[in-house]
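Chemist:
Numbering (my numbering), first residue to last: 28 to 181.
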């Protein structure tokens, strides 16, 4: 049987990244581990944050233009192959990851990169595989074709 939605579980991607960022900031302020010299890191980080926000907005707009919901706890209506989905099957998760890297550079904190590692592992080995199984069950050959032609991250 095909599940009703891609992700109904407690592991919600925005919360994974928010938790990762908050933990990284908490560790940074408790035990600073410098990453790069400022203001260079802040300038580069601000650029990365802007790119991440732009990618997120573009990905969400692309989903909305295709009339499919963004949250994984609502049924997907179509496989989106346009916009950033031509290059990445998960541009929103890529944007969340880039946002955390940008914040790490802005703050100059190695902790934010360290806490990103388990977030990426959770996304790569738990969240995304569940979503892919859902999409394969719901859209079968259409999704398999897309999956074979577009990389998961970049």
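Positions of the beta carbon are idealized from the N, C-alpha and C atoms, including for glycine. For clarity, every value in this text was computed on a predicted model and none was experimentally measured.
Taking the alpha carbon of residue 69 as the reference point, which residue from 127, 30, 49, 151 has its own alpha carbon closest?
Modeler: For residue 69, the nearest C-alpha among the options comes from 127.
Chemist: Output needed for residue 164: all residues of its chain with C-beta closer than 6 angstroms, excluding positions within five of it in sequence on either side, in chain order.
Modeler: Excluding sequence neighbours, residue 164 sits near 29.
Chemist: How about the segment 73-86 and the segment 125-139: do they share at least three Cβ pairs that are nearer than 8 angstroms?
Modeler: These segments touch.
Chemist: Which residues in the same chain as residue 166 place their Cβ atom closer than 7 angstroms to its Cβ, once the five residues preceding and following it in sequence are excluded?
Modeler: Only 106 meet the Cβ criterion.
Chemist: Per DSSP, which residues does residue 136 bridge with? Please list them.
Modeler: Per DSSP, 61.
Chemist: Got a sec? Which residues, its chain only, sit under 7 angstroms from residue 83 by beta carbon, not counting five neighbours each side?
Modeler: Cβ within range, chain order: 119, 122.
Chemist: Short of 7 angstroms in beta carbon distance, which residues of its chain neighbour residue 124, apart from the five on each side in sequence? Order them along the chain.
Modeler: Same-chain partners within the cutoff: 143, 147.
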